[in-house]
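As structure tokens, the structure follows; a few thoughts come after it.
Residue numbers (this note's numbering): -19 to 445.
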């Protein structure tokens, strides 16, 4: 690569986003695939809902495991090579899925694809291919995923290394060269910022160091909690099992449930764009997290109540449930989908940012796996139960955020520490006042009061006689 080369940062970002498209294709396709007649003709009908959940979740098993060391691997061999390896592995896994003739081959392919990790595209590819009369109806979505992953793996060789990684490994001249290829005008300012950060934070904290200090410990715990609760909002239950959810809500036709599932994906994509470009920086992190959680919790609570009361059996009840699923998806897309991930990074000091991010995203993957495993079984046992569970998790998270989450938008690292301490102090004072109001008198006070009441009774009796 020479200095004459120039790079468009938006084009590079768009190409690397194929990794997100790959995962979105799988998320959007796997639910519809598992209910296609052609798929069931190949592998047989599932004996129970647990098998369906396990098949969906297999890609998440390996994703959860590899997420623990993905950050360390990218620091070791570079971001570019890590993406290449992941994309190539995903392509092989998807190819195995597409060529499967036995269920164990499909499971193996999903496990391999999960080493890495277009929702709307995934839904509508399935919606289109379900009309094919042969097994290509369910194989085609996997073929498309494999092509996308192979394209990403091949193209990464043409892209430059990350300047931050080059600085991390001491290749400063190459880092500055890459920065100049992206932006010649602002390169001096970027150089100064990166060098200052490199001097301030020469090494990342270890796991023990992260949890030794009380401030970084609670920031990390909050990040782990929030990313786990992001999945317990129920978003991936809706995305993975949309056809099943819409059929249960009253869309009995397979084509209708597939179409409704695809519209969910479109809504997710369309409303996320303005959220990322405009809304999340206008609303702030704290209000977005709190109000997003409360609005999603209300949607889930009403859906659960309609199923529990029998209201879901009426025409109005069915359409109310379908509408609330879309409202829930919109609320998630413009709030928790992006803002939670930004907050957990912004609130962390530089030295603990990498390990806190790794732990919190691992929490997200693990909870995602549990949701995928249990949702079909839970819905079969209790149509209302999953919605009440998700509502409780959303409302609990909103309460925790009201108490402990500060506003981090536009704050420097020092300012973030300041607003964090202010928020914790306010919450401590509030909880202390609440405890004071509800505290029972101690034993000495109670004894003295009992003696006082006894004397009053004696005096009252003596006066009466």
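A virtual CB, placed ideally from N, CA and C, is assigned to each residue, including glycine.
Please read all numbers here as calculations on a predicted model, not as lab measurements.
Should residue i be counted as a contact of the ligand NAP given a C-beta to heavy atom distance under 7 angstroms?
i, result
"residue 69", "Among the components of this structure there are no ligands whatsoever, and the ligand NAP is therefore not found."
Should residue i be labelled buried (16 or more other beta-carbon atoms within 10 Å of its own) or exposed?
i, result
"residue 210", "buried"
"residue 77", "buried"
"residue 344", "buried"
"residue 84", "exposed"
"residue 284", "buried"
"residue 402", "exposed"
"residue 116", "exposed"
"residue 292", "buried"
"residue 395", "exposed"
"residue 333", "buried"
"residue 100", "Residue placement at residue 100 is flagged as unreliable, the pLDDT there being 48, under the threshold of 50; the coordinate-derived value follows with that caveat. The residue in question, residue 100, is buried, as its Cβ has 16 or more Cβ neighbours within 10 Å."
"residue 340", "buried"
"residue 98", "Since pLDDT at residue 98 reaches only 45, below the 50 mark, its modelled position is unreliable, and the value read off the structure follows with that caveat. Buried."
"residue 280", "buried"
"residue 418", "exposed"
"residue 64", "buried"
"residue 254", "exposed"
"residue 405", "exposed"
"residue 89", "buried"
"residue 416", "exposed"
"residue 304", "buried"
"residue 159", "buried"
"residue 274", "buried"
"residue 194", "exposed"
"residue 143", "buried"
"residue 219", "buried"
Output yes or no for whether 8 angstroms exceeds the beta carbon distance between residue i and residue j.
i, j, result
"residue 363", "residue 223", "no"
"residue 67", "residue 132", "yes"
"residue 329", "residue 196", "yes"
"residue 317", "residue 252", "yes"
"residue 266", "residue 145", "no"
"residue 202", "residue 276", "no"
"residue 355", "residue 221", "yes"
"residue 35", "residue -8", "no"
"residue 347", "residue 208", "yes"
"residue 80", "residue 126", "no"
"residue 122", "residue 71", "no"
"residue 286", "residue 297", "yes"
"residue 250", "residue 309", "no"
"residue -2", "residue 128", "yes"
"residue 69", "residue 92", "yes"
"residue 335", "residue 244", "no"
"residue 407", "residue 383", "yes"
Measure from the alpha carbon of residue i to the alpha carbon of each residue in the options, then state which is nearest.
i, options, result
"residue 226", "248, 272, 207, 300", "300"
"residue 135", "-5, 155, 149, 70", "-5"
"residue 269", "193, 305, 302, 311", "311"
"residue 17", "230, 118, 194, 143", "118"
"residue 24", "410, 62, 82", "82"
"residue 360", "161, 147, 228", "228"
"residue 148", "315, 56, 128", "56"
"residue 448", "272, 89, 22", "Here the chain has residues from -19 to 445 only, and residue 448 is not among them."
"residue 313", "409, 282, 357, 258", "258"
"residue 186", "152, 124, 338", "338"
"residue 288", "274, 219, 342, 366", "366"
"residue 124", "331, 9, 410", "9"
"residue 397", "199, 14, 114", "199"
"residue 399", "385, 412, 219", "385"
Scan the region 358 to 399 and note each continuous beta strand (DSSP E) run of 3 residues or more that stays entirely inside, going in chain order.
none
Does the count of Cβ pairs from the region 352 to 372 and the region 212 to 220 closer than 8 angstroms reach three?
yes
Please give the ranges of any beta strand (DSSP E) in the region 190 to 256, keeping only runs that are unbroken, at least 3 residues long and fully inside the region.
none
Touching by the beta-carbon criterion (3+ pairs, under 8 angstroms), the region 258 to 272 and the region 301 to 321:
yes
Cβ contact check for the region 326 to 341 and the region 384 to 391: 3 or more pairs under 8 angstroms:
yes
What ranges does the alpha helix (DSSP H) occupy inside the region 52 to 79, keeping only unbroken runs of at least 4 residues that lie completely in it?
59 to 78
Entirely within the region 262 to 298 and at least 4 residues each: give me those alpha helix (DSSP H) ranges in chain order.
265 to 289
Counting only runs that start and end within the region 130 to 165, where is the alpha helix (DSSP H) found for 4 or more residues in a row?
143 to 148, 152 to 162
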